[in-house]
Amino acid sequence: MSNEPPDRKDELASNDDAIVGRAFRRSLVVLLLVGAVVAGISFLLERKQSAPQPQVSELEAPTSRQLPFDRIPVARFTDITREAGIGFVHNNGAYGDKLLPETMGGGVAFFDFDNDGAADLLFINSTYWPGHVPAGKKNTTAALYHNDGKGHFIDVTAGSGLEVSCYGMGVAVGDYDNDGLEDLFITAVGGNHLFHNEGNGKFREVTAPAGVGGSTNDWSTCAAWIDYDNDGRLDLFVGNYVAWSKEIDFQVDNRLVGIGRAYGRPMNFPGSFPQLYHNDGNGRFSDSSATSGIQIKNKATGLPMAKTLGVAPVDLDGDGWMDLVVANDTVQNFVFHNERNGTFKEIGPTSGIAFDSYGGARGAMGIDAGRFQEDNSLGISIGNFANEMTAFYVSQNDPLIFTDEAIAQGIGPASRQSLTFGVFFFDYDLDGWLDLLTANGHIEEDIEKVPQRQRYRQPAQLFWNARGVNKTAGFAAVPPENCGNDIFKPVVGRGSAFADIDGDGDLDVVLTQINGPPLLLRNDQELHHHWLRFKLVGTRCNRDAIGAWVRLRANGQMQWRQAMPTRGYLSQSELPVTFGLGKAERVDEVIVVWPDGTRQKIESAQLDAVNVVRQSR
C-alpha cells in the first residue's frame, strides 16, 4: 500500500505512460532508419551485381612512319666564322632593364650586292639605348661583308652608306627599281630604312622620298619584297610586332618567379597592324595597308590583332598571284589570299594554319614554305615557343586547306623542347629532297635558374628528308655523328640563311645570335651528288623573278623550287635556286613558271653549274 495521495499516484502513472510512449517512438524511428540503411545497402549491392560491366576499348597508338635512321648520309658542316673573316658581333644594348626588343633581333641576309656571282653577307645590328652608351663605345650599325667567291669575306661597311645606327631587327633584299642591283630595306624599332644600291659597293638612303619609313612608334620585324599586283614592280610588305615603348614595357612588367623582371611573351602587349606599300615607280611608294585587307582587328576589342614576326610569300593555289602566310606570336596566324584586285582576304581559320590542332594560338616566330615531297603538296613550317612543337602544315587536296603533320612527319616531338626562331627548307645533301633546319635559343638569359629544363643557348636542329630511301617516310633528326658538332654549337639562335658561298654547288649556312657572334657553317658534304643552280632574270616580271617557280624532272622524280629570298626569321637567303640530283646524270625537263604566270622551257641545262635564265619576251 502506498502512502502517496491518490492524485499523486495518477500523476506518476501518467508520467510513466509518457516516458514509455516517447521511448517507443524513438525506437520506432531508429528501427525505420536502420531499415532504410539496410534497404539502401541491399539496393546498391543488388544494383552493383546486376549492372552491366563497362566495356573497355583498347586504343592503338598512331602509326608512325618507319624512318630509315641508318640511311642518314654523312654530310658535315664546319664552323669557318673566323677563318672566313667574319668579325661581326651583335649588340642588343642591354643595360639591365630587360626591354623586350633586346631579345628579338638578329636578322641576316645573303645577297650579291655587286653582281659578281658570289653571295655577300649583311648582318643587321641593334645598338645602345639613348643615355646608355658605355664610355668609350660608339653606337653600332649593320655590317656588310664582300665575298671573294671562295668563301672568304672582307668587311666593307665603312664608306658603303650603310653606317646608319638604328635599333635594327631584320632585312629584305630586292631590286625594287629593276636596275639590276639589289636594294636593301632594314626594319627597326622606331622607324625603318630603305637603301638604294648605287653600284660600286655604295648605298644611298632613300627612306623619306620613297615613303616607307613607317612611324617612330612602330616596331617592325619581318619584311618581304613581292609583286602583289603583277605589274612588274616589287611592292613591300612590312610586319610589325607589338605596340611598344619603354613605358608600356614597364607597365606589362614580365617577371619570372624567383628571378624578378624578365623578357617575356607578348600576351599583354597591344597588337599592331602590318603595312603594305605599293610600288608606284620612280622610287615612290604609296601606303595601301588600309585598303588592301591586311589590317585585321580583334573582333572583341576592335584593336589591331597582329603580332607579326615572320612572313612566307607564296602562291598557295597556283593562280599566278602572290599570297602571304604570316606568323604571329601568341595570336592566330594569318593567311592572306590574293583576290587579284589589289586586296587580300584573310582565310587563316578556314585554311587550318591559324591555330594548332587544338584550336590554340602559339608563339610563332620564323616561317618558310617549300614543296618537300613528290606530290606537289606545299609544306609550311613555323618555329614556335618552347614546349610548342615546330609546326608543319601540309596542303591537302584543296591547296588552300592545310593539316599540321608535325608529329607524323617526324618533326614535332624532336622540336618540342626547343624555342625556335629561324626555320628554312634546303637540300643540304643534294639528294633532291628538301630538308629542314631550325635555329633555336631562349629569350630569357636567366631561364636556367627556373626548374623547367630550359636552356638559354640551344643547338640548331637539322631534319633530313628521308623520302629518297622511303617515299612514305618523313623527316629524321640528324645526329652529330652524321653532320659534325659545329652546327649544333649552343647559341642564342635567331636569324638564319643559306647560300653557296664557295661555288661548289652545296648550300652553306649562317646562324645569328643575340649579343654574340654568328656561326658561318661551310657545307663539307662529299657525297658526289650532281646539282643544278638557276639564276632567274625577269624581263616582263620583276627583274629578280621573286615568286617564280622552277620545276625539274630527273630520274623519274619531280622537284620544285621557288625564287624567294624571304625565309625564316627576319632574314633573307640567296636568290638563285638549287636542285640536288643525287646520282642522276641528266635532267628530263626544266620549266620556269614566271611570276606573271608565263611558262618557259629550259633546254640543255648544264649540270654542276649555275645556269642564268632570262625571261623570254
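Sequential numbering of the sequence shown, starting at 38, is according to my numbering. Every residue, glycine too, gets a C-beta built ideally from N, C-alpha and C.
- Look at PRO496 here: in three-state DSSP terms it is coil, with no helix or strand label.
- At a Cβ-Cβ threshold of 9 Å, LEU313 and LEU346 do not count as neighbours.
- Excluding the 5 residues flanking it on each side, THR164 has same chain C-beta neighbours closer than 8 Å at ASN128, GLY130, ASN176, THR177, THR178, SER202, CYS203, TYR204, GLY205, in chain order.
- For GLY385, the uninterrupted alpha helix (DSSP H) segment begins and ends at 385–388.
- Taking a contact as a CB-CB distance under 8 Å, the pair VAL624 and ARG598 does not count as one, their CB atoms being some 13 Å apart.
- Judged by DSSP secondary structure, ASN316 falls within the beta strand (DSSP E) whose first and last residues are 312–318.
- Look at ASN519 here: in three-state DSSP terms it is helix.
- Here ILE331 is not bridged, per DSSP, to any residue.
- GLY511 counts as buried, since at least 16 other C-beta atoms from the protein chains shown sit within 10 angstroms of its C-beta.
- 9 Å or more divides the Cβ of LEU353 from the Cβ of ASN316.
- The residue from ILE263, VAL368, PHE392 with its alpha-carbon nearest to that of ASP212 is ILE263.
- Nearest neighbour of GLU626 by Cα position, chosen from LEU607, GLN596, PRO632, turns out to be GLN596.
- The straight-line gap separating the alpha-carbon atoms of GLN369 and HIS565 is approximately 44 Å.
- Annotated as distal: PRO516 and ASN579, with beta-carbon spacing of 9 Å or more.
- In the assembly as shown, PRO350 is a buried residue. Its beta-carbon has 16 or more other beta-carbons within 10 Å.
- Inter-residue distance for SER282 and PRO307 is about 11 Å (C-alpha atoms, whole angstroms).
- Going by DSSP, GLY449 is part of the alpha helix (DSSP H) stretching over 449–452.
- Distance from the Cα of GLU284 is smallest, within the candidate group THR115, ASP151, LEU136, for LEU136.
- Bridge pairing for LEU589: GLN596, VAL627 [DSSP].
- The criterion of a C-beta distance shorter than 9 Å is not satisfied by VAL210 and LEU199.
- Taking the CA atoms as reference points, ARG590 sits about 18 Å from VAL506.
- Look at ASP356 here: in three-state DSSP terms it is coil, with no helix or strand label.
- DSSP places ALA280 in no beta strand (DSSP E); its state is neither H nor E.
- Taking C-beta separations shorter than 8 Å and ignoring five residues to either side along the sequence, the partners of PRO450 in its chain run MET426, ILE444, following chain order.
- When ASP153, PRO138, PHE616 are compared, the shortest CA-CA separation from ARG408 is found for PHE616.
- Assigned with DSSP and collapsed to three states, VAL201 falls in coil, not helix or strand.
- For PRO246, the uninterrupted alpha helix (DSSP H) segment begins and ends at 244–247.
- For HIS127, there is no enclosing beta strand (DSSP E), as DSSP gives it neither H nor E.
- Between the beta-carbon of GLY400 and that of PHE422 there is about 3 Å, and that keeps the pair under the 8 Å contact cut.
- Non-local beta-carbon contacts of LEU573 in its own chain, meaning distances under 6 Å to residues more than five positions away in sequence, involve ALA582, ALA585, ALA600, VAL650 in chain order.
- If you draw a straight line from the Cα of VAL528 to the Cα of ASN319, it is about 43 Å long.
- The alpha-carbon of GLU482 is positioned some 5 Å away from that of TYR493.
- In this structure, the CA atom of PRO341 is about 9 Å from the CA atom of VAL279.
- Here ARG490 is exposed, its C-beta having fewer than 16 other C-beta atoms within 10 Å.
- For GLU235, same chain residues with a beta-carbon under 6 Å away, outside a window of 5 residues either side, are ARG241 in chain order.
- Taking GLU383 as reference, the option from ALA398, VAL363, ASP393, TYR395 with the minimal CA-CA separation is VAL363.
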